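Worksheet for the structure shown next.
Numbering (this note's numbering), first residue to last: 55 to 178.
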(Lines of atoms letter the chains of each structure in order from A and count residues from 1; the text may use other names and numbers.)
(Lines give C-alpha, C1' and ligand atoms only; values in the text may rest on other atoms or scores of the structure.)
Protein backbone atom coordinates (compact mmCIF):
# COMPACT_ATOMS: atom_id res chain seq x y z
CA UNK A 1 0.00 0.00 0.00
CA UNK A 2 2.71 2.53 0.98
CA UNK A 3 4.98 1.39 -1.82
CA UNK A 4 2.27 1.99 -4.42
CA UNK A 5 1.41 5.41 -3.03
CA UNK A 6 4.99 6.65 -2.66
CA UNK A 7 5.79 5.32 -6.13
CA UNK A 8 2.78 7.17 -7.61
CA UNK A 9 3.94 10.53 -6.22
CA UNK A 10 7.64 10.02 -6.96
CA UNK A 11 8.87 12.55 -9.52
CA UNK A 12 12.04 10.79 -10.55
CA UNK A 13 15.73 11.26 -10.05
CA UNK A 14 17.86 13.43 -12.28
CA UNK A 15 21.39 12.29 -13.07
CA UNK A 16 22.24 15.83 -14.14
CA UNK A 17 24.68 17.61 -11.84
CA UNK A 18 23.43 20.54 -9.83
CA UNK A 19 24.66 24.01 -10.87
CA UNK A 20 27.15 24.00 -8.00
CA UNK A 21 28.63 20.72 -9.24
CA UNK A 22 28.62 21.27 -12.99
CA UNK A 23 31.41 23.84 -13.14
CA UNK A 24 33.69 22.22 -10.62
CA UNK A 25 35.70 19.07 -10.80
CA UNK A 26 38.16 19.98 -8.07
CA UNK A 27 38.27 17.99 -4.83
CA UNK A 28 36.86 19.45 -1.64
CA UNK A 29 40.02 18.96 0.40
CA UNK A 30 40.88 22.65 0.50
CA UNK A 31 37.50 23.63 1.91
CA UNK A 32 36.78 20.84 4.40
CA UNK A 33 39.08 19.70 7.16
CA UNK A 34 37.98 16.90 9.42
CA UNK A 35 39.81 16.19 12.65
CA UNK A 36 40.13 12.87 14.42
CA UNK A 37 38.51 14.49 17.47
CA UNK A 38 35.45 15.50 15.40
CA UNK A 39 35.00 11.92 14.21
CA UNK A 40 35.43 10.60 17.75
CA UNK A 41 32.86 13.08 19.12
CA UNK A 42 30.41 12.25 16.31
CA UNK A 43 30.66 8.57 17.26
CA UNK A 44 30.15 9.35 20.95
CA UNK A 45 27.05 11.40 20.11
CA UNK A 46 25.32 8.58 18.22
CA UNK A 47 21.94 7.71 19.66
CA UNK A 48 21.78 3.91 20.10
CA UNK A 49 17.98 4.04 20.27
CA UNK A 50 17.68 5.19 16.64
CA UNK A 51 16.19 2.90 14.01
CA UNK A 52 18.48 0.42 12.30
CA UNK A 53 19.87 1.31 8.91
CA UNK A 54 20.31 -0.67 5.67
CA UNK A 55 23.82 -1.73 6.65
CA UNK A 56 22.45 -3.44 9.77
CA UNK A 57 25.38 -2.13 11.81
CA UNK A 58 24.26 -1.32 15.37
CA UNK A 59 24.77 2.27 16.53
CA UNK A 60 25.76 0.88 19.92
CA UNK A 61 28.90 -0.83 18.55
CA UNK A 62 30.14 2.38 16.92
CA UNK A 63 29.47 4.34 20.08
CA UNK A 64 31.02 1.85 22.50
CA UNK A 65 34.06 1.26 20.28
CA UNK A 66 34.44 4.90 19.22
CA UNK A 67 37.99 5.24 20.53
CA UNK A 68 39.17 2.23 18.52
CA UNK A 69 37.14 2.99 15.37
CA UNK A 70 37.66 6.76 15.12
CA UNK A 71 41.12 6.60 13.45
CA UNK A 72 39.95 4.24 10.69
CA UNK A 73 36.76 6.19 10.09
CA UNK A 74 38.72 9.44 10.10
CA UNK A 75 40.91 8.03 7.33
CA UNK A 76 37.87 6.89 5.29
CA UNK A 77 35.98 10.16 5.79
CA UNK A 78 39.01 12.28 4.91
CA UNK A 79 39.67 10.28 1.77
CA UNK A 80 36.01 10.46 0.76
CA UNK A 81 36.01 14.25 1.19
CA UNK A 82 39.38 14.67 -0.51
CA UNK A 83 38.27 12.66 -3.57
CA UNK A 84 34.73 14.11 -3.52
CA UNK A 85 33.37 10.56 -3.63
CA UNK A 86 31.06 8.69 -1.32
CA UNK A 87 30.98 4.89 -1.49
CA UNK A 88 27.78 3.56 -3.03
CA UNK A 89 27.03 1.52 0.09
CA UNK A 90 26.95 4.73 2.14
CA UNK A 91 24.14 6.05 -0.08
CA UNK A 92 21.73 3.19 0.65
CA UNK A 93 18.63 3.95 2.69
CA UNK A 94 15.56 2.25 4.07
CA UNK A 95 12.42 4.22 3.26
CA UNK A 96 9.74 4.10 5.95
CA UNK A 97 6.39 5.90 6.25
CA UNK A 98 6.00 8.58 8.92
CA UNK A 99 2.55 9.86 9.87
CA UNK A 100 2.34 13.62 9.23
CA UNK A 101 -1.09 14.25 10.74
CA UNK A 102 -4.66 13.12 10.38
CA UNK A 103 -6.17 9.70 10.00
CA UNK A 104 -3.55 6.96 10.17
CA UNK A 105 -5.66 4.79 7.84
CA UNK A 106 -5.02 7.11 4.85
CA UNK A 107 -1.68 6.68 3.10
CA UNK A 108 -1.84 10.31 1.94
CA UNK A 109 -1.23 11.35 5.56
CA UNK A 110 2.23 9.80 5.55
CA UNK A 111 5.53 11.00 4.19
CA UNK A 112 8.52 8.83 3.38
CA UNK A 113 11.70 9.25 5.39
CA UNK A 114 15.07 7.73 4.58
CA UNK A 115 17.06 5.86 7.19
CA UNK A 116 20.60 6.28 5.92
CA UNK A 117 23.63 4.11 6.47
CA UNK A 118 25.08 4.81 9.92
CA UNK A 119 28.54 5.54 8.52
CA UNK A 120 27.21 8.22 6.15
CA UNK A 121 25.13 9.68 8.97
CA UNK A 122 28.27 9.92 11.07
CA UNK A 123 30.08 11.70 8.23
CA UNK A 124 27.24 14.21 7.92
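We put the CB at the ideal spot given by N, CA and C, even for glycine. What you are looking at is a predicted structure, and each value in this text was computed from that prediction instead of being measured.
**Study point:** Environment of residue 97 [buried if 16+ CB atoms lie within 10 Å]
**Key:** buried
Review point. Does the count of Cβ pairs from the region 148-166 and the region 123-132 closer than 8 Å reach three?
Key: no
Review point. When the Cα of residue 60 is compared with those of 174, 150, 142, which residue comes out closest?
Key: 150
Check your understanding: Terminal residues of the continuous alpha helix (DSSP H) containing residue 89?
Key -> It is not in any alpha helix (DSSP H) - residue 89 carries neither H nor E in the DSSP assignment.
Check your understanding: Where in the region 96-168 do unbroken runs of the alpha helix (DSSP H), each at least 4 residues long, occur, reported from the N-terminal end onward?
Key -> 113-118, 120-137
Exercise for review: Go ahead and label residue 176 buried or exposed: buried means 16 or more other beta carbons lie within 10 angstroms of its beta carbon, across all protein chains shown.
Suggested key: buried
Exercise for review: Answer with buried or exposed for residue 119, where buried requires no fewer than 16 other C-beta atoms within 10 angstroms of its C-beta.
Suggested key: exposed
**Study point:** Contacts around residue 114, its chain only, beta-carbon distance under 7 Å, and the 5 residues preceding and following it disregarded
**Key:** 102
Check your understanding: For the putative contact between residue 170 and residue 107, defined by C-beta atoms under 8 Å, what is the C-beta separation to the nearest angstrom?
Key -> 6 Å
Exercise for review: Taking residue 59 as part of the alpha helix (DSSP H), name the residues at either end of that continuous run.
Suggested key: 56-63
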